[in-house]
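Asker: Have a look at this one.
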Ligand SMILES: Cc1cc2nc3c(=O)[nH]c(=O)nc-3n(C[C@H](O)[C@H](O)[C@H](O)COP(=O)(O)OP(=O)(O)OC[C@H]3O[C@@H](n4cnc5c(N)ncnc54)[C@H](O)[C@@H]3O)c2cc1C
Ligand SMILES: Cc1cc2nc3c(=O)[nH]c(=O)nc-3n(C[C@H](O)[C@H](O)[C@H](O)COP(=O)(O)OP(=O)(O)OC[C@H]3O[C@@H](n4cnc5c(N)ncnc54)[C@H](O)[C@@H]3O)c2cc1C
Ligand SMILES: Cc1cc2nc3c(=O)[nH]c(=O)nc-3n(C[C@H](O)[C@H](O)[C@H](O)COP(=O)(O)O)c2cc1C
Ligand SMILES: Cc1cc2nc3c(=O)[nH]c(=O)nc-3n(C[C@H](O)[C@H](O)[C@H](O)COP(=O)(O)O)c2cc1C
Ligand code: FES
Ligand code: FES
C-alpha cells in the first residue's frame, strides 16, 4: 500500500490531508503525548482573539446522541501569549500550524492577521467567522454574506500573498453557496466547513438550558450528513462555475477513515478531526492511516484523485 | 400518578400531547397493530398531495449516527384516495387526525385545503412547507418568509375558522424566528418544528451519494439539540412579544419521555415522535407514558404547566 | 396458489438470546421471543433492533425466519455484514434483543401437490428448509439448489440433502459443487423435477435470473426480495419497488409488508441499475416533466 | 508539600475487564491495561470510552484510580449514574474498554511525616485508601471520614477501618454511623488527630465545606474536584473552574490536567450557584461590558 497522501491547499503542499479541528486540539501539546503532531497534515489551533479571554462559565458542554454541544466562549491566552508560547512550541516540534483567528469586529480580525503576517511557522490562517459580530446585534459574521466578505477581504489585505486564508463557514444558513461565493469573491483561498450547528439541551434536573451560555455548538458524527451536504453543494457550485474553484477543508463528525473518505469524495481536499479526538486522542493519526487504506482498497494511488470523485461518478452515470 | 395530560392546540383539546410525525406513521393503520392509535393525542398523516405520486427511486434511506436520511419524495395516493381510505379509516377507529398537506405551488395547497375543509374527522391541518416551490427554482417554501407566508395565508383563507392550521417549519434557515413570525402573521394557528435537516451520505462502495435523490432529510435523536434550540428561540421570541403566542408542536429526535420533556420545557405544547417509531413501533405510546412519569416526578400535575417552563426557571434565576 | 397470502400481524417483544453458534460463515441465533411463532409461516421475517441502549443505530435489521423451535423460539441465520449484524453476531446467551415479527407475506403454498424447486443464494437459503418441510407435508416434490460465491458462504447444504429429493450446489469459485451460478444448473433441475413452482431467496440479481429461467420453463417463480428497510413494518416507505399488480398496473409497493415474497414475473427487474432504482414511467404517480419530486 | 506535582503523561490502551464485582451500591471493576500503572499516583484518574462500537456516547467518563493491582491492572469504583456508567457496570470479564490514563495531577504528599485526615463522600472515597497506604509508608498518621446519603452509598468502610488510625462514618439518614454530614464530625477528628493536611474527594458542596473546616483548623485542604469533562486530557476546555494561582491571580483552569486535585483554599467556591458556574470578575480575561463572548 503506497498511496500518495499529499494534498495542496492553495499553493501549500501538506504531506497528508489530516488536520485537527480548531478548538478540539488546543495547540497540539496534549495530543503530542499520543502521537507526533508533526506527522499530521497540520494542527489547527483553537481560535485566538486579541486579548486573554476567560470564556464562558460552566457547564460548557452536554453530551448528545452521537455528538455534543459546547459553549466554550473562545477561552484563550490572547494573540501575544499564543505566538510566544503555543506557536513557538508548534514550530519547535516541526508541526505545520493553521492558526485560527476570531474577532468581534473587522478591526480585531485585521489586528490578529497583522500580528501573524510575519510570524514564521504559520502554514495558513483560518478565519473563524462563526462568531458574533458585536457591531451587528451579535449576528454571526458567517450568517451574512456582507459581514463574511468584509472580514475576509480585510484579513486578506494584510496577510502576505503566499499565506493561504481559509474562511470557516457555518452551516446555520439558508444558502451556504451564497456565503461561500461571497468569501471566495472577497479573497478566501480556501473554505473550511463546517463549524458547529446551533443547538440546545435542557437539563432535566434543573429544568433550564444545560449550558451556562444557553445555546451551544453541535458537533460530532451526528452532524456528518450536514457537513457532507455542505461540501457537496459548494463543490458542485464550483464545478458548475457559480464560484471559482478553491480547496475545501472538510470538518464535521469524522470518526474513521471511511468518514473522511465521504467528505473527500464530496469535494474536500483536506479533512479535520474535531470532537472525535475527545473520544479517541489518537483519532487524527488513526484516521490518516485508515483513509490511506480505504483509498488503496479503491485503487486510488493519489489522494488528490479522490477529491470530489463522487461528482465525477455521478456525472458519468447513465 | 395522575398528571392531567390534556393540551390545547389552538382551541382544540387533545387528551394528551403525543402525536406521530408526518411520514413516520403512514396513516396509522400499521401502528394500530401495536397500540390503539385513538389513544394518542393525534395521528399526523404522511404529507399528501393532489395526485397519486410514486415518490423517488431507491435507495431512499441511509442510516447515520443516531439518525437517518430519507428521500421518499412524498409518495402517496393523492388527496381523493387519502380521504376515501385513510381518513375514513382513522375516523372509523376514533383517532384524531392531523392531516399534513404538501404542494408544489400555492394553488395545490389551496386545492388540498379546500378538499379537507368539510371532511369530518380532521382535527387540524399541518401545512408542510418544507417542499420545493416549483415556481421559485425549487426553493423550499419554508426557506423564504414570503413564500411561506403566501402558502399559509392562502390555506388559512379556505379552511373553516374552527380548524387549526399548523405551519411546519424547516430548520435549514438562517433565522427561524423570521419564518415563524411570517407564518403567524399569515394566519398560522400553530407551528410544528422541526422538519428534517438537509443532509447527504456518500455510498463508499459505489462512490456516489447513497440516496437516489442525492440529498435527503436528516432526522432522529442526532438532530434533537437543533429542534430544542429552534423551539426555544421561537418560544422566547413569543415571550418577548416579537411574535404573538401560538402553540408549538415539537418534533425532532424524541426517543423517550425525557426527550419529550426537553421539547416541552423549551416551549412545545405537543410532541411528535417520528424516526424513533421505526426503531420502536410502540414509541409514541411509550413516550406518552414516560412523559407522564417524568412530569409527575417533577411535581407537575398538569402537562400545560410544563410548557415553556425552562424559560420561567431562567427568568427567575438569580 | 390462490393469490398472495395476507400479511402477518406483527408483535413487538423483548427476545432473549438462547444460543449463538457458528454455521459456516454465518451465525445461527436462537431467540426466545413469545408471540412471534404463532402466525409465522415460511417466508416471514423478523425485524430486530440493534445496539446497546442508547444505540447509535436506529433502524431495524430484517432476517428471514429460519425455523421455529419449541417454546416460542425463533431461529435466524445472520451474516456479519456491517455494524448492526456485527452486534447481533456477538450477542451471548441471556442477552436481550428487541424483536418485531412475524412481518410480511409468506411464500404462497400450492393448493395441491406440485413439484417445487427451492433456490437459495448465500444466507438466502435460511427460510427454505422450513418451507421444504411444509411443502413435503403437502405432498410436494422438493428439489433444492444452493449457490454462493464460495463454500464458506453456503448455508444448509446438509439440511438440503436431508430434506430434498435432490440437492445441487454451485459456487462461483468452484470450491464446492459445480463452479458457476445457480442458474447454470437450474434448467436441468427444473426439467428433471418437472418443477411447477420455483421459490427463491437471495440477491436481487439472482432472483431476476431465476425468474427468467423459471418463466422460460413454464414455472411460476416466487421470490423473497431484500430491499433496504428502515422500519420493516410498513410506515417509512423506504423499501419500495416497482411491482405489477393483479390489474396489470405498476405501483411502487412496500417490500416489507406487501412482500418480501413477490411473483417473480411481477417485479419490474429492469428498474435497477448500479444499485440505484428507477421509477418506471408507467408506474402510478410516476414523475412527469411538470410534477417535481418533494423531499 | 512543595507545590503541585507535575501532571501525568497519559497513554491510551485497550483495556480488558478482568473482574466486575458489586461493592455496596457500586461496582468494583478491575481492568488489565498495560502502561497505565507506571507513573500512576493516588489522585490520578483514568478516562474511559463507553458504549459498543459505534457508540452514540462520544465523551470519555472519568474515574479515580482506586488501586493498582499486580500485572498492570487498574481498579476503579463505578456508580451507575447514567447511560455511560451503566454500560461500564454491565461489562463482563473479557470485554474490552478503551482506557486513557493516568491523567491529572495527583495528591501532593507531605515532605515529612504529617498527620492527615482523608474525607470521602460517596464513591469519592475510592482513591483514598491507596493514598492512605502511601501516606502511612511515609510515616504519616491517617484518620478517615466517610460520608454518604445512606449506608448503601458508602464505599470502603472496611478498608478505612483496616488502614486508618480512626474511621468515622456519617450518613445523612443515619442508616450507618453518625446521622449528618462529614463536616459535622470533621472538627473533632481534626482536633483529635492534630491534622495538618486534609485530603478530600466527593461532591463539590462537600469539598467546599471541608475546605472551610480545614482552614478554620489551620490545616491545608487538598481536594479532588469533579467537573463535567468531555475529553479528560486537556484539549476541550469544558472542565474549567476558577482557581487562584501561586501569583494570586484567578484563572479559568482545566480541572482535568491542572487538577483534579487543587488546594481547597485556591478554589473560588463562590462561583457556583444552582449548578451553573460564574466567571469571577477578576479572573484573567473575564468578560467586560465591551467584550462579548463568542460561541
Ligand atoms: C426481508 C429481509 C430478510 C433478510 N434476511 C436475512 C437473513 O436471513 N440473514 C442475513 O444475514 N441477512 C438478512 N437480510 C439482510 C440483513 O437485513 C442486512 O444484512 C442487515 O440489515 C445489514 O445490517 P448491518 O448493520 O450489518 O449493515 P449496514 O450496511 O450498516 O446497515 C445499514 C442500514 O442499511 C440497511 N440494510 C443494509 N443492508 C441491507 C439489506 N441487505 N437488506 C435490508 N436492509 C439492509 C440496514 O437495515 C440498516 O438500516 C435480510 C434483509 C431483508 C430485507
Ligand atoms: C476526576 C473525576 C473522577 C471521578 N471518579 C469517579 C469514580 O471514581 N467513580 C464514579 O463512579 N464516578 C467518578 N466520577 C464521575 C463519573 O465520571 C460520572 O459519574 C460519569 O461521567 C457519568 O457518566 P454517565 O454516562 O453515567 O452519566 P451522564 O450524566 O449521562 O454523562 C453525560 C456526560 O456528562 C459527563 N458527566 C456526568 N457526570 C459527571 C461527573 N460527575 N463528573 C464528570 N463528568 C460527568 C460525562 O462524562 C458525560 O460526558 C469522576 C469524575 C471525575 C471528573
Ligand atoms: C469543544 C469545541 C470547541 C471548538 N472551538 C472552535 C473554535 O475555537 N474555533 C472554530 O473555528 N471552531 C471550533 N469548534 C468547531 C470545530 O472546529 C469543528 O468545526 C466542529 O466541531 C465540527 O467538527 P467535528 O464534528 O469533527 O467536531 C469547536 C468544537 C468543539 C467541539
Ligand atoms: C421517512 C420520513 C418521512 C418523512 N416524511 C415527511 C412528510 O411527508 N411530511 C413532513 O412534513 N415531514 C416528514 N418527515 C419529517 C418528520 O415528520 C419529522 O419532522 C422529522 O423527521 C423530525 O422528527 P424525528 O427526528 O422524530 O423523525 C419525514 C421523516 C422521515 C424520517
Ligand atoms: S421498511 Fe418501512 S415501509 Fe417497508
Ligand atoms: S476535560 Fe477536556 S480539557 Fe479538561
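Chains as they are written, first to last, in the numbering used here: chain A, 1 to 318; chain B, 1001 to 1318; chain C, 2001 to 2295; chain D, 3001 to 3295. Backbone N, C-alpha and C fix where the C-beta goes; we use that ideal spot for every residue, glycine too.
Taking Cβ-Cβ distances shorter than 9 angstroms, what residues in chain B pair up with residue 2247/C?
Answerer: For the purposes of this step, residue 2247/C is identified with residue 247 of the third chain, where counting begins at 1. What residue 2247/C touches in chain B: nothing, since even the nearest Cβ is about 14 angstroms away.
Asker: Between residue 262/A and ligand 1, is there a pair consisting of the residue's CB and a ligand heavy atom that are separated by less than 7 angstroms?
Answerer: In the first chain, residue 262/A corresponds to position 262, counting from 1. No, the Cβ of residue 262/A stays beyond 7 angstroms of every heavy atom of ligand 1.
Asker: For the stretch 2056 to 2070 of chain C, which residues have a CB atom closer than 9 angstroms to at least one CB atom of chain B, in sequence order?
Answerer: The residues in question are 2056, 2057, 2058, 2059 and 2060.
Asker: I'd like the list of long-range same chain contacts for residue 2009/C, defined as Cβ closer than 7 angstroms, with 5 residues on each side in sequence excluded.
Answerer: In the third chain, counting from the first residue as 1, residue 2009/C sits at position 9. These residues qualify, in order along the chain: 2039.
Asker: Could you check the C-alpha separation between residue 255/A and residue 3058/D for me, to the nearest Å?
Answerer: Looking up residue 255/A in the first chain gives position 255. Looking up residue 3058/D in the fourth chain gives position 58. The straight-line gap from Cα to Cα measures roughly 10 angstroms.
Asker: Measuring CA to CA, which of 3264/D, 3056/D and 3259/D is closest to residue 3084/D?
Answerer: Residue 3084/D sits at position 84 when you count from the first residue of the fourth chain. Ranking the options by Cα distance to residue 3084/D, first place goes to 3056/D.
Asker: Do the stretch 2260 to 2272 of chain C and the stretch 1044 to 1054 of chain B meet, that is, are 3 or more Cβ pairs less than 8 angstroms apart?
Answerer: No contact exists between the stretch 2260 to 2272 of chain C and the stretch 1044 to 1054 of chain B.
Asker: Going straight from the alpha carbon of residue 3295/D to that of residue 28/A, what length do you get?
Answerer: Along the fourth chain, read from residue 1 onward, the residue named residue 3295/D stands at position 295. Along the first chain, read from residue 1 onward, the residue named residue 28/A stands at position 28. Because the pLDDT of residue 3295/D is 41, which lies under 50, any placement of that residue in the model is unreliable, and the question is left without a value.
Asker: Compare the C-beta of residue 1225/B with all C-beta atoms of chain D and state if any pair is closer than 8 angstroms.
Answerer: Here residue 1225/B refers to the residue found at position 225 of the second chain. Not one chain D Cβ lies under 8 angstroms of residue 1225/B.
Asker: Would you identify the three-state DSSP class for residue 3266/D, choosing helix, strand or coil?
Answerer: Counting from 1 along the fourth chain, the entry for residue 3266/D is found at position 266. The answer is helix: DSSP assigns residue 3266/D an H, G or I state.
Asker: How many angstroms separate the CA atom of residue 1126/B from the CA atom of residue 1080/B?
Answerer: Taking the second chain and counting its residues from 1, the one referred to as residue 1126/B is at position 126. Taking the second chain and counting its residues from 1, the one referred to as residue 1080/B is at position 80. Approximately 17 angstroms between the Cα atoms of the pair.
Asker: Given the structure, does residue 223/A come close to ligand 3, in the sense that its CB is under 7 angstroms from one of the ligand's heavy atoms?
Answerer: Position 223 of the first chain, counted from the start, is the residue given in the question as residue 223/A. Yes, the beta carbon of residue 223/A sits closer than 7 angstroms to at least one heavy atom of ligand 3.
Asker: Ends of the alpha helix (DSSP H) at residue 235/A?
Answerer: Residue numbering aside, residue 235/A sits at position 235 when the first chain is read from its first letter. It spans 224 to 239 - the alpha helix (DSSP H) in which residue 235/A sits, taken as one unbroken run.
Asker: Can you say whether residue 1023/B is buried or exposed, counting buried as having 16 or more other CB atoms within 10 angstroms of its CB?
Answerer: In the second chain, residue 1023/B corresponds to position 23, counting from 1. Burial call: buried.
Asker: Starting from residue 293/A, trace the alpha helix (DSSP H) in both directions and tell me its first and last residue.
Answerer: Position 293 of the first chain, counted from the first residue, corresponds to residue 293/A. Looking at the DSSP string, the run of the alpha helix (DSSP H) that includes residue 293/A is 283 to 297.
Asker: Quick check on DSSP: helix, strand or coil for residue 2200/C?
Answerer: Translated into positions along the third chain, residue 2200/C becomes position 200. Correct three-state label for residue 2200/C: strand.
Asker: Less than 7 angstroms separating the Cβ of residue 3196/D from some heavy atom of ligand 2?
Answerer: Within the fourth chain, the letter at position 196 stands for residue 3196/D. Not so, every heavy atom of ligand 2 lies at least 7 angstroms from the Cβ.
Asker: May I ask you to list, following chain order, the residues of the stretch 3269 to 3289 of chain D that have a beta carbon less than 9 angstroms from some beta carbon of chain F?
Answerer: Considering every chain present, this structure includes no chain F. Its protein chains are A, B, C and D.
Asker: Determine, using beta carbons only, whether residue 288/A comes closer than 8 angstroms to chain D.
Answerer: Taking the first residue of the first chain as 1, we reach residue 288/A at position 288. So no, residue 288/A is outside the interface.
Asker: Compare the C-beta of residue 1069/B with all C-beta atoms of chain A and state if any pair is closer than 8 angstroms.
Answerer: Numbered from 1 along the second chain, position 69 holds the residue referred to as residue 1069/B. Closer than 8 angstroms to some Cβ of chain A, the Cβ of residue 1069/B qualifies, so yes.
Asker: Please list, in chain order, the residues of the stretch 54 to 65 of chain A that have any C-beta partner in chain C closer than 9 angstroms.
Answerer: Answer in chain order: 65.
Asker: Quick check on this structure: which residue in 2046/C, 2004/C, 2202/C and 2071/C has the alpha carbon closest to the alpha carbon of residue 2060/C?
Answerer: Along the third chain, read from residue 1 onward, the residue named residue 2060/C stands at position 60. Closest option to residue 2060/C, Cα to Cα, is 2046/C.
Asker: Note down, in chain order, every chain C residue with its Cβ under 9 angstroms from the Cβ of residue 317/A.
Answerer: The sequence position of residue 317/A within the first chain is 317, counting from 1. Result: 2273, 2274 and 2276.
Asker: Would you list the residues sitting across from residue 126/A in a DSSP beta bridge?
Answerer: Locating residue 126/A in the first chain gives position 126, where the first residue counts as 1. Paired residue(s): 100/A and 166/A.
Asker: Looking at C-alpha atoms only, which residue of 2157/C, 2005/C, 2187/C and 2188/C is the closest neighbour of residue 2177/C?
Answerer: Here residue 2177/C corresponds to residue number 177 of the third chain, with the count starting at 1. Nearest option by C-alpha distance: 2157/C.
Asker: According to DSSP, is residue 154/A part of a helix, a strand, or is it coil?
Answerer: Here the question's residue 154/A lines up with position 154 in the first chain. If DSSP states are grouped into helix, strand and coil, residue 154/A belongs with the helices.
Asker: For residue 3206/D, name the three-state secondary structure that DSSP assigns.
Answerer: Here residue 3206/D refers to the residue found at position 206 when the fourth chain is read from its first residue. Helix.
Asker: For ligand 2, any of its heavy atoms closer than 7 angstroms to the Cβ of residue 3064/D?
Answerer: As a position in the fourth chain, residue 3064/D is number 64, starting the count at 1. True, at least one ligand heavy atom lies under 7 angstroms from that Cβ.
Asker: Just how far apart, CA to CA, sit residue 247/A and residue 269/A?
Answerer: Start at 1 with the first residue of the first chain, and residue 247/A comes out as number 247. Start at 1 with the first residue of the first chain, and residue 269/A comes out as number 269. Cα to Cα, residue 247/A sits roughly 6 angstroms from residue 269/A.
Asker: Does the stretch 138 to 149 of chain A touch the stretch 172 to 188 of chain A, meaning 3 or more C-beta pairs lie closer than 8 angstroms?
Answerer: Segments in contact, yes.
Asker: Closer than 8 angstroms, CB to CB, is residue 3122/D near chain A or not?
Answerer: Position 122 of the fourth chain, counting from 1, holds the residue named residue 3122/D. It does not; no Cβ of chain A falls within 8 angstroms.
Asker: Could you name the residues of chain A that residue 2054/C contacts, counting a contact when the two beta carbons are closer than 9 angstroms?
Answerer: Counted from its first residue, the third chain places residue 2054/C at position 54. By Cβ distance, chain A contributes 65.
Asker: Do the CB positions of residue 1098/B and residue 1042/B come within less than 8 angstroms of each other?
Answerer: For the purposes of this step, residue 1098/B is taken as residue 98 along the second chain, with counting starting at 1. For the purposes of this step, residue 1042/B is taken as residue 42 along the second chain, with counting starting at 1. For residue 1098/B and residue 1042/B, yes; Cβs fall inside 8 angstroms.
Asker: So, does the CB of residue 1300/B fall closer than 8 angstroms to a CB anywhere in chain A?
Answerer: By one-based count along the second chain, residue 1300/B stands at place 300. Chain A, which has no Cβ nearer than 8 angstroms to the Cβ of residue 1300/B, makes this no.
Asker: Any heavy atom of ligand 6 within a distance shorter than 7 angstroms of the CB on residue 3235/D?
Answerer: For the purposes of this step, residue 3235/D is taken as the residue at position 235 of the fourth chain. Because some heavy atom of ligand 6 lies under 7 angstroms away, the Cβ of residue 3235/D counts as near it: yes.
Asker: Residues in its own chain within less than 6 angstroms of residue 2167/C by CB, not counting five upstream and five downstream?
Answerer: Sequence index remark: in the third chain, residue 2167/C carries index 167 (1-based). For residue 2167/C, where only same-chain residues beyond five positions count, the Cβ hits under 6 angstroms are 2144, 2160 and 2161.
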